[in-house]
């Protein structure tokens, strides 16, 4: 991404829980034995979109799940161990310790199967200081980004959009439905299918008989 003649190269960090503990509010959307497969499919689609984004030169997945580590490693992501002190600690570790404060860093949720490289590229191009993108509901956060020399200070959790805004981060807005639509519930799955879910998520849902076909990605 080039802004004002300056080329920005972003490092993106994605945290991923152990698959069997991930996405608890989504349980029941698919058969219980396929829940880990769904969580992994969404992570993989998110990773593919991030790695295809022109402004992104490095992707770090913070996880202590061996299956996740192996899968995202094959796609081209780096893997860092989860420090085990919760989501925000994992994000700080990946962005401030592994990537380092000299980099442009962005942290992203791993449940964005309708994300497109174009949308992520546009969002990153709008970053001028510590910035965030609210989720589709407007209450959560899907992306938090900082320029070099600034600490991440993540505040993910309930009402994180309000928390990030209250901490001085700038909200970024744009026509980025795939970036803003994370998947917490079964209804969210229907939304991402209408937006154009990534191949892995869509194929899994089709194999389970939950959709007849997939919309082309935007």
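In this note's numbering, the protein residues as written are 610 to 827. Quick reminder that beta carbons are idealized off the backbone N, C-alpha and C, glycines included.
Query raised in the report: Around the C-beta of residue 770, are 16 or more other C-beta atoms found within 10 angstroms, so that it is buried, or is it exposed?
Result: buried
Requested in this report: Note down, in chain order, each residue of its chain lying with its Cβ closer than 7 Å to the Cβ of residue 707, except the 5 sequence neighbours on either side.
Outcome: 669 and 689
Query raised in the report: What does a CB cutoff of less than 8 Å around residue 745 pick up in its chain, not counting 5 residues either side in sequence?
Result: 786, 789, 790, 791 and 800
Query - Assigned secondary structure, residue 723 (DSSP; H/G/I helix, E/B strand, else coil) - result: coil
Report task. Could you round the C-beta distance between residue 671 and residue 622 to whole angstroms and report it? I think they count as a contact, below 8 Å. Result -> 6 Å
Query raised in the report: To which residues of the same chain is residue 613 closer than 7 Å at the C-beta, ignoring the five residues directly before and after it?
Result: Any reading at residue 613 needs caution, since the residue's pLDDT is 48, under 50, leaving its predicted position unreliable; the model's value is listed next. None.
Query raised in the report: So, is the C-beta of residue 737 closer than 9 Å to a C-beta in chain B?
Result: Absence of chain B from the displayed structure is noted, only one protein chain being present.
Query raised in the report: Using DSSP with H/G/I as helix, E/B as strand and the rest coil, what is residue 687?
Result: strand
Query - Close-in-space but distant-in-sequence residues of the same chain around residue 722 (CB under 6 Å, 5 per side omitted) - result: 651, 654, 801, 806, 807 and 810
Query raised in the report: What residues in its chain sit with their C-beta under 7 Å from that of residue 763, if we drop five residues either side in the sequence?
Result: 697, 700, 701, 716 and 753
Query - residue 667 in three-state terms, based on DSSP - result: strand
Query - residue 743 vs residue 780 beta-carbon contact at 9 Å - result: yes
Query raised in the report: At what residue ranges does the region 717-764 contain a whole run of the alpha helix (DSSP H), taking only runs of 4 or more?
Result: 726-734
Query - Same chain only: Cβ atoms within 6 Å of residue 645, ignoring 5 sequence neighbours per side - result: 628 and 629
Query raised in the report: Out of curiosity, what's the CA-to-CA distance linking residue 624 and residue 804?
Result: 24 Å
Query raised in the report: Which stretch, first to last residue, makes up the beta strand (DSSP E) that contains residue 620?
Result: 619-624
Query raised in the report: Tell me which same chain residues have a C-beta within less than 7 Å of the C-beta of residue 729, skipping the five on either side of it?
Result: 658, 659, 662 and 788
Query raised in the report: For residue 750, does the count of other Cβ atoms within 10 angstroms reach 16, so buried, or fall short, so exposed?
Result: buried
Query - Delimiting residues of the alpha helix (DSSP H) encompassing residue 803 - result: 795-804
Query raised in the report: So who's on the other strand from residue 672, going by DSSP bridges?
Result: None; residue 672 has no bridge partner.
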